[in-house]
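Note that this note's numbering gives residue 364 to position 309 of the sequence shown, counting from 1, and the numbers run on in steps of one. Single-structure report; data block below.
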Amino acid sequence: MNRILSLLVIFHFSVSVFSQNNWNGEQLVIQNEKVARIIVLEDGEFTTQSYRLHNYPYNFVSTLNEEPLAFNQQGVGNIQEFRRWKGPDPEEFSFLLNDEKITGKTGWEVLDVGEIIAGETTTHQIVLNGISEINEGLEITISYVVYPNLPIIRKKIDFKNTGSADFKIESLDVESLNTPWGNTHNIIFQNYGRYKNIGPFLGNWNDPLILAYDPVFNHGIVVGNEAPGVLKRASVCLDGRTLDAGLTHSDQDYAFRKWLKPGETWESTWVFTGLYSNKNPREIVDREVSEFVRKYMGIRLAQIPEKPTFVYNTWKPFRRNVNEKLIMELADAAAACGVEEFIIDDGWQVGFGDWEIDYEKFPNGLKPVFDYIKSKGMKPGLWLSMGAASSDSKVFKEHPEWFAKYRDGNYVNLHSTGKDRNSACFTTDWKDYIKNKILNLVKEHGLEYVKLDFAIVASAYRFDPDVSGCFAENHSHKDREESYLEIYRSAWKMYDELHAEAPNLFIDCTFETMGELQMIDFDMCKHAEGNWLSNFEGEAPFGSARVRQMSWWRSPVVPATALVIGNQSLDDEDALYSFKSLCGSLPIMLGDPRKMSPEKQQQFSELAGWLRAMENKHGIMLYRQDLPGFDEPAHGSWDGFQRINTDTKSGGIVGVFKQFSKVDEQWVTVNYLDPGKNYVVVHSSTGRIVLKTTGEELQNKGFKVVFEEEFQGELYEVTEIE
Numbered sequence: 056m057n058r059i060l061s062l063l064v065i066f067h068f069s070v071s072v073f074s075q076n077n078w079n080g081e082q083l084v085i086q087n088e089k090v091a092r093i094i095v096l097e098d099g100e101f102t103t104q105s106y107r108l109h110n111y112p113y114n115f116v117s118t119l120n121e122e123p124l125a126f127n128q129q130g131v132g133n134i135q136e137f138r139r140w141k142g143p144d145p146e147e148f149s150f151l152l153n154d155e156k157i158t159g160k161t162g163w164e165v166l167d168v169g170e171i172i173a174g175e176t177t178t179h180q181i182v183l184n185g186i187s188e189i190n191e192g193l194e195i196t197i198s199y200v201v202y203p204n205l206p207i208i209r210k211k212i213d214f215k216n217t218g219s220a221d222f223k224i225e226s227l228d229v230e231s232l233n234t235p236w237g238n239t240h241n242i243i244f245q246n247y248g249r250y251k252n253i254g255p256f257l258g259n260w261n262d263p264l265i266l267a268y269d270p271v272f273n274h275g276i277v278v279g280n281e282a283p284g285v286l287k288r289a290s291v292c293l294d295g296r297t298l299d300a301g302l303t304h305s306d307q308d309y310a311f312r313k314w315l316k317p318g319e320t321w322e323s324t325w326v327f328t329g330l331y332s333n334k335n336p337r338e339i340v341d342r343e344v345s346e347f348v349r350k351y352m353g354i355r356l357a358q359i360p361e362k363p364t365f366v367y368n369t370w371k372p373f374r375r376n377v378n379e380k381l382i383m384e385l386a387d388a389a390a391a392c393g394v395e396e397f398i399i400d401d402g403w404q405v406g407f408g409d410w411e412i413d414y415e416k417f418p419n420g421l422k423p424v425f426d427y428i429k430s431k432g433m434k435p436g437l438w439l440s441m442g443a444a445s446s447d448s449k450v451f452k453e454h455p456e457w458f459a460k461y462r463d464g465n466y467v468n469l470h471s472t473g474k475d476r477n478s479a480c481f482t483t484d485w486k487d488y489i490k491n492k493i494l495n496l497v498k499e500h501g502l503e504y505v506k507l508d509f510a511i512v513a514s515a516y517r518f519d520p521d522v523s524g525c526f527a528e529n530h531s532h533k534d535r536e537e538s539y540l541e542i543y544r545s546a547w548k549m550y551d552e553l554h555a556e557a558p559n560l561f562i563d564c565t566f567e568t569m570g571e572l573q574m575i576d577f578d579m580c581k582h583a584e585g586n587w588l589s590n591f592e593g594e595a596p597f598g599s600a601r602v603r604q605m606s607w608w609r610s611p612v613v614p615a616t617a618l619v620i621g622n623q624s625l626d627d628e629d630a631l632y633s634f635k636s637l638c639g640s641l642p643i644m645l646g647d648p649r650k651m652s653p654e655k656q657q658q659f660s661e662l663a664g665w666l667r668a669m670e671n672k673h674g675i676m677l678y679r680q681d682l683p684g685f686d687e688p689a690h691g692s693w694d695g696f697q698r699i700n701t702d703t704k705s706g707g708i709v710g711v712f713k714q715f716s717k718v719d720e721q722w723v724t725v726n727y728l729d730p731g732k733n734y735v736v737v738h739s740s741t742g743r744i745v746l747k748t749t750g751e752e753l754q755n756k757g758f759k760v761v762f763e764e765e766f767q768g769e770l771y772e773v774t775e776i777e
């Protein structure tokens with residue numbers, strides 16, 4: 056009881072003094088203006104005892120010593136009467152150390168406590184030393200980071216082997232808490248936070264973010280997992296109580312492992328948690344999570360001064376049949392459409408893995424072609440496979456030691472079942488080799504956009520998790536399980552090194568490189584600007600709907616402009632419908648623009664110019680939110696999106712779409728504007744003023760749209776006025 060009383064006293068400390076009082080020898084207090092978390096070290100156990108929103112009477116973790124409040128069935132809705140479930144206390148973290156389970160309860164002593172203030176963020180660090188028989192010789196540093204006015208705490212663990220024998224670390228849950236509501240009162244929004252799961256839940260690579268939600272009292276916990284690719288794992292209530300997130304466990308496909316020699320250190324991936332109380336649980340994604348990702352996670356899109364708004368790629372319909380004459384003709388037509396980035400896909404090269412220019416197709420090399428593209432006001436880009444080489448390539452013959460092996464000792468194609476190519480391992484000098492190939496294209500030819508493709512860890516197409524990672528015994532990883540994370544991190548390091556030498560290079564890391572169908576995640580977004588997310592071949596209106604559905608599905612958990620969703624064609628009859636659909640992500644179009652009429656090219660140019668103007672005016676490409684009342688795009692319905700700058704509240708754009716609905720009109724409301732300021736809603740193509748009103752009226756009443764066609768989409772500007 057004394058511990059609970061002291062927890063309550065600390066919880067009521069004012070925010071202005073918490074930094075001087077965050078550690079009193081027994082309790083670590085982590086808080087800002089929105090949230091407070093209290094972690095207690097008692098009898099060698101280090102566990103969270105309180106996790107709360109300020110001015111909200113609820114502890115979001117269950118503990119052993121907190122008495123549950125009386126439950127009154129008539130009092131549902133009065134949170135003070137909610138029956139809370141008792142502990143056991145949260146484990147705080149969990150992992151296997153040489154096959155023994157280690158948690159915050161295993162036995163620890165504090166070596167040091169520190170605080171780092173960098174700009175607006177505060178990092179609290181506590182250094183723990185293992186004092187039990189099974190964690191002796193292990194030192195861990197746990198970092199908790201808080202951000203101004205956000206109910207979010209970010210966490211990672213640094214490991215140090217202070218013993219005399221090797222450590223094997225597996226099944227790492229960076230975060231491990233207990234939900235105070237049982238699984239009968241538990242809804243999980245999973246798969247990029249979009250789809251509901253009732254009861255116990257085990258997540259995978261498609262869960263960079265989940266929301267645990269108590270529908271009785273409309274509150275919950277959001278969990279973000281910054282592990283890369285196929286290594287993500289999160290679970291809720293598998294035992295009826297525990298919520299955890301981190302890296303894949305030893306009994307799963309793509310199992311994580313790290314070997315730590317005496318004296319070595321290792322840093323885990325990040326996890327973040329946030330608290331919310333809202334009848335619409337997804338609003339925390341629209342607002343607080345998106346703000347955290349945009350401002351504090353370190354995503355590449357937030358670092359580049361000019362975000363792209365219209366990209367063209369040659370893959371469809373030309374495939375590998377490209378040459379200098381064709382590219383210049385396409386550049387003329389694409390420029391007439393308002394394209395800003397022009398990407399030459401597969402076919403420009405000879406020697407898969409050697410990446411030399413095919414001088415039969417490009418007799419003057421790529422530089423004059425790139426210069427021509429630039430003269431048309433566009434940035435030139437190329438496709439290449441970043442992690443493979445053909446068996447007859449020069450690089451494979453000269454450096455077979457750089458390539459991944461399967462368990463039988465043979466070289467392996469991680470991407471497909473083809474026998475003519477071999478996958479490289481990024482833990483070798485291959486990383487520097489392929490980096491220098493790309494830098495040469497940047498420095499010698501003027502490359503500004505690179506689409507990096509094909510599997511490096513696991514395949515989106517093999518459907519056999521055993522064919523993954525690298526079994527080679529002469530690489531820096533000790534075994535296949537250790538190779539997974541090391542390969543991802545080495546690839547990300549290459550991206551960072553490319554950006555260090557070419558800061559304006561746009562890196563498009565495809566879902567094939569990520570390792571599963573249509574996969575994109577937070578960790579990738581910290582190192583690459585975009586992700587070629589799909590190859591939807593169907594044209595408008597059905598291909599357009601697939602584009603909108605994929606954009607809705609992945610965003611706003613993942614920044615919408617990172618979503619490079621192919622393959623809609625410029626020369627399709629209803630291409631403008633596709634372009635409008637793509638304005639909810641990063642507009643990327645393919646096809647043959649030479650086949651377009653001058654009138655259609657002009658229409659595209661005007662709409663593309665409008666989108667660029669909206670980006671210049673409002674910075675919309677770092678934002679996307681759900682449009683109130685419009686749900687997942689589907690046949691027979693309406694859908695939409697809004698891209699409102701929630702920082703400046705100057706406005707943004709709204710997209711509204713009818714997909715064969717029997718209803719011809721809808722009311723559209725817009726969230727996240729300043730309720731007391733005036734705004735004007737303007738139709739994108741005609742410039743017609745739809746409405747002048749306040750932000751409050753736009754949120755509560757909105758404006759009516761009438762679409763008489765079977766399928767129709769329109770874009771609108773929303774701008775603050777005097």
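We treat Cβ as the ideally placed atom computed from N, Cα and C, and that holds for glycine.
query, result
"C-beta contact flag for residue 480 and residue 527 at 8 Å", "yes"
"CB-CB length for residue 427 against residue 396, believed under 8 Å", "At roughly 15 Å, the Cβ-Cβ gap does not stay under 8 Å, so residue 427 and residue 396 are not in contact."
"Close beta carbons around residue 293, own chain, < 8 Å, minus the five adjacent residues each side", "255, 256, 257"
"For residue 661, the residue or residues it bridges with in DSSP", "In the DSSP output, where bridge partners are listed per residue, residue 661 has none listed."
"Under the three-state DSSP convention, the category residue 676 falls into", "helix"
"Start-to-end residues for the beta strand (DSSP E) that takes in residue 444", "443 to 445"
"Assigned secondary structure, residue 354 (DSSP; H/G/I helix, E/B strand, else coil)", "coil"
"Contact with chain B by residue 114, beta-carbon distance below 8 Å", "Included in the structure is just one protein chain, with no chain B present."
"Limits of the alpha helix (DSSP H) - the one that residue 497 falls within", "485 to 500"
"Proximity below 8 Å, CB of residue 658 to CB of residue 618", "no"
"Closest Cα partner of residue 574 within the set 582, 581, 564", "564"
"Proximal residues to residue 757 (C-beta, below 6 Å), its chain only, five neighbours per side dropped", "722, 723, 724"
"Alpha-carbon spacing of residue 101 relative to residue 174, whole angstroms", "29 Å"
"Cβ-Cβ separation, residue 690 to residue 712 (assumed contact under 8 Å), whole Å", "Between residue 690 and residue 712 the Cβ distance is about 12 Å, and since that is not below 8 Å, they are no contact."
"Endpoints, alpha helix (DSSP H) assigned at residue 623", "No alpha helix (DSSP H) contains residue 623, which DSSP labels as neither H nor E."
"Residue 589, enclosing alpha helix (DSSP H) - first and last residue", "Element bounds for residue 589: not the alpha helix (DSSP H) but the beta strand (DSSP E), 586 to 590."
"Where residue 455 sits in the DSSP three-state scheme", "helix"
"Residue 112 classed as buried or exposed, judged by whether at least 16 other C-beta atoms fall within 10 angstroms", "exposed"
"Opposing strand residues paired with residue 434 [DSSP bridges]", "396"
"Residue 436, buried or exposed, once every other Cβ within 10 Å from all chains shown has been counted against 16", "buried"
"Euclidean distance between Cα positions of residue 768 and residue 399", "29 Å"
"Residue 281 (DSSP reduced to helix, strand or coil)", "coil"
"Burial state of residue 34, where buried means 16 or more other Cβ atoms lie within 10 Å", "In the structure as shown, the chain begins at 56 and stops at 777. Residue 34 is therefore absent and cannot be evaluated."
"Span of the alpha helix (DSSP H), counted from its first residue to its last, around residue 162", "Counting along the chain, residue 162 falls outside any alpha helix (DSSP H), and DSSP gives it neither H nor E."
"As assigned by DSSP and simplified to three states, the class of residue 391", "helix"
"Reduced DSSP secondary structure (H/G/I, E/B, other) of residue 813", "With the chain running from 56 to 777 in the structure shown, residue 813 is simply not present."
"Own chain, CB closer than 7 Å to residue 227, minus 5 neighbours either side, in chain order", "150, 301, 302, 311, 323"
"Local Cβ density within 10 Å of residue 369, reported as buried at 16 or more and exposed below that", "buried"
"Residue 111 (DSSP reduced to helix, strand or coil)", "coil"
"Alpha-carbon spacing of residue 467 relative to residue 517, whole angstroms", "12 Å"
"Opening and closing residue of the beta strand (DSSP E) in which residue 216 lies", "207 to 216"
"Inter-residue spacing [alpha-carbon to alpha-carbon] between residue 132 and residue 327", "Note that residue 132 scores 48 on pLDDT, short of 50, meaning its location in the model is unreliable and no value can be drawn from it."
"Meets three-Cβ-pair contact criterion under 8 Å: the region 261 to 273 and the region 228 to 241", "yes"
"Backbone CA spacing between residue 751 and residue 505 [nearest angstrom]", "43 Å"
"Per-residue DSSP class, three states only, for residue 541", "helix"
"Cβ pair residue 315, residue 167 closer than 8 Å", "no"
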